[in-house]
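Read top to bottom, the protein sequences are chains A and B.
Just add 19 to the spot in the first sequence (first one is 1) and you have the numbering used here.
Just add 6 to the spot in the second sequence (first one is 1) and you have the numbering used here.
Every residue gets a Cβ at the ideal spot worked out from N, C-alpha and C, and that includes glycine.
Computed from a predicted structure; not experimentally measured.
Beneath this line is the structure, given in structure tokens, with notes to follow.
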Amino acid sequence: MTDTAQDRAPPMAAAPPSWKEKLEPWFFILPSVVLLLAIGLYPVIYTFIASLQAWVMGMGPPSFSGLDNYIHAFGSSDFGHSVGRTLILILVTLPIELILGMMIALALDSTNFAILRRLLQICLVIPIAITPSVVGLLTQLMFNEQLGIINQLLHLVGIPAIDWLGRPTAAFITVMIVQIWEWTPFVALVLSAALSTVPKDIDEAAMLETERWWPRFRDVQLPFMWPGITAALVFQTAFTIKEFDMIYSIEKGGPGTSTETSVMQIERMAFRGFDVGLASAESILMLVLSIVLARIYIRVFYREMD
Amino acid sequence: MADFRATLLRALQGIALVVVLVVILFPLYWMVAGSLKTEPDLFAIPPKWFFTPTIAAYVDAIENTDVLTNLLNSVIVTGSAVALGLIVGAPAAYGIARYRFRGRRDVWFWYVTNWMLVPVVVLIPFYLTASKLGLINNPIVLILVYQVFIVPLVVWLLVDQFSSVPVALEEAAQLDGLSRIQIFLRIALPLVKPGIAVSAILSGIFAWNDMLYAFILTPSPEARTAPTIVLSYLGGYVIPWPQVMAASTLVCAPVIIGGIIVHKYIARGLTMGAVK
Chain A
20 MTDTAQDRAP PMAAAPPSWK EKLEPWFFIL PSVVLLLAIG LYPVIYTFIA
70 SLQAWVMGMG PPSFSGLDNY IHAFGSSDFG HSVGRTLILI LVTLPIELIL
120 GMMIALALDS TNFAILRRLL QICLVIPIAI TPSVVGLLTQ LMFNEQLGII
170 NQLLHLVGIP AIDWLGRPTA AFITVMIVQI WEWTPFVALV LSAALSTVPK
220 DIDEAAMLET ERWWPRFRDV QLPFMWPGIT AALVFQTAFT IKEFDMIYSI
270 EKGGPGTSTE TSVMQIERMA FRGFDVGLAS AESILMLVLS IVLARIYIRV
320 FYREMD
Chain B
7 MADFRATLLR ALQGIALVVV LVVILFPLYW MVAGSLKTEP DLFAIPPKWF
57 FTPTIAAYVD AIENTDVLTN LLNSVIVTGS AVALGLIVGA PAAYGIARYR
107 FRGRRDVWFW YVTNWMLVPV VVLIPFYLTA SKLGLINNPI VLILVYQVFI
157 VPLVVWLLVD QFSSVPVALE EAAQLDGLSR IQIFLRIALP LVKPGIAVSA
207 ILSGIFAWND MLYAFILTPS PEARTAPTIV LSYLGGYVIP WPQVMAASTL
257 VCAPVIIGGI IVHKYIARGL TMGAVK
């Protein structure tokens, strides 16, 4: 949101606002607020109340149990590990995607091969358009130890077969590789659009000044790219924290629970373990985590915009 | 000497970009090629780069699964969800962009928070409420639940677009006697068409691709949406891979084509304040 543009614009009405004018914005906003209250806030309250109850489906009516579910959630190593995995996924893949995306965007910007640039700009959107559950299936097929194409291609360059999906650590690394494949082109797309906003005259003046790319990048290009970088970060963090479809379709969080993210763990608890109370408590904890992350990002974002 | 170095660098850069292109496209190629192969061809060692294409896998997929019904379900659910999201989201974005009022930032932040909302928080209550009301397998539940991410996305992208419409233009219209609603519909809305296209296609991609909500809220074979077809294959001991690849290609084709058509606007819409 650009508050700056808003501040420069003169207000529509010069006279002190009447109650009718005060209500006017809400006429536009209210329908969406009502809808989001119904489908966003009501479920959160419902989940919060459920989190305070001992409630296992098919085991009698729910009863109030105070903070038991939260104590249980904090003590649960399954839940703790799944949150840890989600955070590691964000912390490892996000910087790699940003760096690779930046490199692709810069190379696209300066390459002389026009056809190549055009082709890539079109193709960068493909990975996020491919249905994540299909990406998961493709991973299963391509990373198969004996029959998968990845190991066959590695064999051509003399690398022995790797058991990508069979062992816990390898499977988690495979998930990260697929995630990076899925999102780096999108980050590159956003950064490349941001790069195109660098004014030509400023850039040319900088190029007369110095031939080295680093000062040009740091002082000329980077300042114009912050909004794009932030947009990519917010988008990507939200998607990683909500991650389910792709990993689930590889091997349902396996082997064991080694690739299970928190959303997957909670889904398993609620819909296959039928422990609604505990799953609700864990959901609320994840909600708190995502609100904290959103706050941090928006604070950073606003600082960059000011 | 310097010239030679520059040429070499350019060539290396070009090669790097070709590698990126190949890495992006290879899985897509493998899926489509796999859907046109027979099972022995698909698993041949060494891999078969030249093969006689066959549409047998597509015939199998269409005959043995509800893939066509599920695709139709997806079209209905995605279309309605995006339409609903735009109808309530676009005016909200306009309200936030054009008025200064108390709580403006809080309202905007609340929208963005909904975008970060982990789906399980919404999923459990939705499932329990829908089963109480007998609405499991009803597409309306999906259309509603997708608003959790569609409305924030639409608002996020469009607030910025509306802010960049010159205020003078709207003031002139106000002097001509147009009401705020008329200004919104006739002046502002047509000017942010690219933004509307981006939010429509992005929310469309995410709604179409969703599997988690769909397989909990619409589990029956006739009611489910396309991405959940994948799950029906995961259970079996023997996975008919060419058929799976054929179904996958059918599921992905609409979004990939849609994404390619609007790829330019996607990037522009997402860089927010940067591009104007």
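Exposure label - residue i; buried when at least 16 CB within 10 Å
{"i": "residue 294 of chain A", "result": "buried"}
{"i": "residue 326 of chain A", "result": "Here chain A covers residues 20 to 325 and nothing more, so residue 326 of chain A does not appear."}
{"i": "residue 231 of chain A", "result": "exposed"}
{"i": "residue 174 of chain A", "result": "exposed"}
{"i": "residue 56 of chain B", "result": "exposed"}
{"i": "residue 114 of chain B", "result": "buried"}
{"i": "residue 18 of chain B", "result": "exposed"}
{"i": "residue 182 of chain B", "result": "exposed"}
{"i": "residue 149 of chain B", "result": "buried"}
{"i": "residue 104 of chain A", "result": "buried"}
{"i": "residue 27 of chain A", "result": "Unreliable placement is indicated for residue 27 of chain A, whose pLDDT of 46 sits below 50; the coordinate value is still reported in the next sentence. Residue 27 of chain A is exposed by the Cβ-count criterion."}
Nearest-angstrom Cα separation, counted from residue j out to residue i
{"i": "residue 275 of chain A", "j": "residue 186 of chain A", "result": "9 Å"}
{"i": "residue 187 of chain B", "j": "residue 243 of chain A", "result": "35 Å"}
{"i": "residue 213 of chain B", "j": "residue 132 of chain B", "result": "17 Å"}
{"i": "residue 208 of chain B", "j": "residue 272 of chain B", "result": "8 Å"}
{"i": "residue 188 of chain A", "j": "residue 226 of chain B", "result": "35 Å"}
{"i": "residue 22 of chain B", "j": "residue 87 of chain A", "result": "55 Å"}
{"i": "residue 251 of chain B", "j": "residue 40 of chain B", "result": "6 Å"}
{"i": "residue 120 of chain B", "j": "residue 10 of chain B", "result": "54 Å"}
{"i": "residue 53 of chain A", "j": "residue 155 of chain B", "result": "15 Å"}
{"i": "residue 228 of chain A", "j": "residue 132 of chain A", "result": "26 Å"}
{"i": "residue 213 of chain A", "j": "residue 124 of chain A", "result": "9 Å"}
{"i": "residue 4 of chain B", "j": "residue 74 of chain B", "result": "Any property of residue 4 of chain B remains undetermined from this structure, which presents chain B solely from 7 to 282."}
{"i": "residue 240 of chain B", "j": "residue 65 of chain B", "result": "20 Å"}
{"i": "residue 201 of chain B", "j": "residue 252 of chain A", "result": "20 Å"}
{"i": "residue 211 of chain B", "j": "residue 207 of chain A", "result": "18 Å"}
{"i": "residue 100 of chain B", "j": "residue 59 of chain B", "result": "52 Å"}
Extent of the continuous alpha helix (DSSP H) to which residue i belongs
{"i": "residue 251 of chain B", "result": "247-267"}
{"i": "residue 38 of chain A", "result": "38-55"}
{"i": "residue 101 of chain A", "result": "96-129"}
{"i": "residue 226 of chain B", "result": "Looking at the DSSP string, residue 226 of chain B is not in any alpha helix (DSSP H), and its letter there is neither H nor E."}
{"i": "residue 135 of chain A", "result": "133-142"}
{"i": "residue 164 of chain B", "result": "153-169"}
{"i": "residue 235 of chain A", "result": "232-235"}
{"i": "residue 203 of chain A", "result": "187-214"}
{"i": "residue 210 of chain B", "result": "199-215"}
{"i": "residue 81 of chain A", "result": "From DSSP, residue 81 of chain A is part of no alpha helix (DSSP H); its letter is neither H nor E."}
{"i": "residue 60 of chain B", "result": "Careful: residue 60 of chain B lies outside any alpha helix (DSSP H) and carries neither H nor E."}
{"i": "residue 91 of chain B", "result": "73-104"}
{"i": "residue 326 of chain A", "result": "Because residue 326 of chain A is not part of the residues shown, which for chain A are 20 to 325, the question remains open."}
{"i": "residue 162 of chain A", "result": "Here residue 162 of chain A belongs to no alpha helix (DSSP H), and DSSP marks it neither H nor E."}
{"i": "residue 47 of chain B", "result": "45-48"}
{"i": "residue 176 of chain B", "result": "173-181"}
Proximity test, Cβ basis, 9 Å: residue i and chain A
{"i": "residue 270 of chain B", "result": "yes"}
{"i": "residue 95 of chain B", "result": "yes"}
{"i": "residue 76 of chain B", "result": "no"}
{"i": "residue 84 of chain B", "result": "no"}
{"i": "residue 26 of chain B", "result": "yes"}
{"i": "residue 107 of chain B", "result": "yes"}
{"i": "residue 239 of chain B", "result": "yes"}
{"i": "residue 102 of chain B", "result": "yes"}
{"i": "residue 58 of chain B", "result": "no"}
Cβ shell of residue i (< 8 Å), same chain only, five flanking positions each side left out
{"i": "residue 92 of chain A", "result": "98, 297, 300, 301, 304"}
{"i": "residue 70 of chain B", "result": "249"}
{"i": "residue 90 of chain A", "result": "none"}
Any chain B beta carbon closer than 9 Å to residue i
{"i": "residue 278 of chain A", "result": "no"}
{"i": "residue 193 of chain A", "result": "no"}
{"i": "residue 69 of chain A", "result": "yes"}
{"i": "residue 29 of chain A", "result": "Any reading at residue 29 of chain A must be qualified, since the residue scores a pLDDT of 49, below 50, and its modelled position is unreliable; no value is offered."}
{"i": "residue 235 of chain A", "result": "no"}
{"i": "residue 313 of chain A", "result": "yes"}
{"i": "residue 115 of chain A", "result": "no"}
{"i": "residue 96 of chain A", "result": "no"}
Close Cβ partners of residue i (< 7 Å) along its chain, the five nearest in sequence each way excluded
{"i": "residue 268 of chain A", "result": "152, 155, 156"}
{"i": "residue 203 of chain B", "result": "268, 271"}
{"i": "residue 74 of chain A", "result": "81, 295, 296"}
{"i": "residue 118 of chain B", "result": "158, 162"}
{"i": "residue 110 of chain B", "result": "102"}
Same chain, Cβ closer than 6 Å to residue i, neighbours up to 5 away in sequence not counted
{"i": "residue 282 of chain B", "result": "Per-residue confidence for residue 282 of chain B stands at a pLDDT of 33, beneath the threshold of 50, marking its modelled position as unreliable; the derived number appears in the next sentence. If we look at residue 282 of chain B and ignore the five residues flanking it on each side, its Cβ neighbours are 170."}
{"i": "residue 169 of chain A", "result": "161, 162"}
Under 9 Å (Cβ pairs) to chain E, residues found in the region 180-206 of chain B | Absence of chain E from the displayed structure is noted, the protein chains being A and B.
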